[in-house]
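> Handing you a structure now.
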Amino acid sequence: MALILDAYNVLHCTHVLPLRYASINTLQLAAMLDRCNFDRGRMVIVCDGRPKPDELDPRIDVGRVEIIHSGAATDADTIIEQLIETETGPRDLTVVSNDHRIQRAARRRRATAMASEAFLRKLVSRFDRYAARKLDKTKPDLDADADTWMRKFGIDEKGIKPPANLEAETDRWMREFGYEDED
-15 MALILDAYNV
-5 LHCTHVLPLR
5 YASINTLQLA
15 AMLDRCNFDR
25 GRMVIVCDGR
35 PKPDELDPRI
45 DVGRVEIIHS
55 GAATDADTII
65 EQLIETETGP
75 RDLTVVSNDH
85 RIQRAARRRR
95 ATAMASEAFL
105 RKLVSRFDRY
115 AARKLDKTKP
125 DLDADADTWM
135 RKFGIDEKGI
145 KPPANLEAET
155 DRWMREFGYE
165 DED
């Protein structure tokens, strides 16, 4: 399978996204696609014009996702149509755009045309599942961590006792840090 996205259509369709994803840029979209393994085949995001400064961040790894900018000589729609025409397995191709011209070009080659809203809902659902799995794998065992640090610092849990006069100790610390009681 292959996936071609019309970046303008997808990124300007944020009304369907949860707030945490509502202002993603092209690189972040590409990273989400790659992380959640949205498609096992080629994934291409086609953008109008030249890359914007926030799309040149080398710290964001977009993995297997290819980002194509149309440049000044043409537009993203024309590039997408060319990609659809040259696709060797168009029945395995999904094209994401709300542009009717692009959707017609996809259907003409018997590719799947998907609306940007439907795509974004599917992407967010997959990405949230990916993030939940990743979180489960990295969730720390707080009890084990506490035990490790206590051993490292030579602290015996049985030897930990609150101060005998907690109120006096609290007052002392408050004075120490300049929080005088103004009664």
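One point on numbering: in my numbering, the residue at position 112 of the sequence shown is 96, and numbering is uninterrupted.
Just so it is clear, CB atoms sit at the ideal spot from N, CA and C, and this is done for glycine as well.
(1) Using a threshold of 9 Å, state whether the C-beta atoms of residue 60 and residue -9 are closer than that.
(2) Classify residue 50 as buried or exposed, calling it buried when 16 or more other Cβ atoms lie within 10 Å of its own Cβ.
(3) So what does DSSP say about residue 67, is it helix, strand or coil?
(4) For residue 103, which residues in the same chain have their Cβ closer than 6 Å to its Cβ, ignoring the five residues on either side in sequence?
(5) Could you tell me whether the Cβ atoms of residue 111 and residue 5 are closer together than 9 Å?
(6) Is residue 205 buried or exposed, if buried means 16 or more other CB atoms sit within 10 Å of its CB?
(7) Mind checking who residue -10 pairs with in its DSSP beta bridge?
(8) Kindly indicate the opening and closing residues of the beta strand (DSSP E) around residue 51.
(9) Would you tell me roughly how many angstroms separate the C-alpha atoms of residue 8 and residue 92, rounded to the nearest one?
Well, looking at it:
(1) yes
(2) exposed
(3) helix
(4) 80
(5) yes
(6) Coverage of the chain is limited to positions -15 through 167, which leaves residue 205 absent and any answer about it impossible.
(7) 30
(8) 49 to 53
(9) 31 Å
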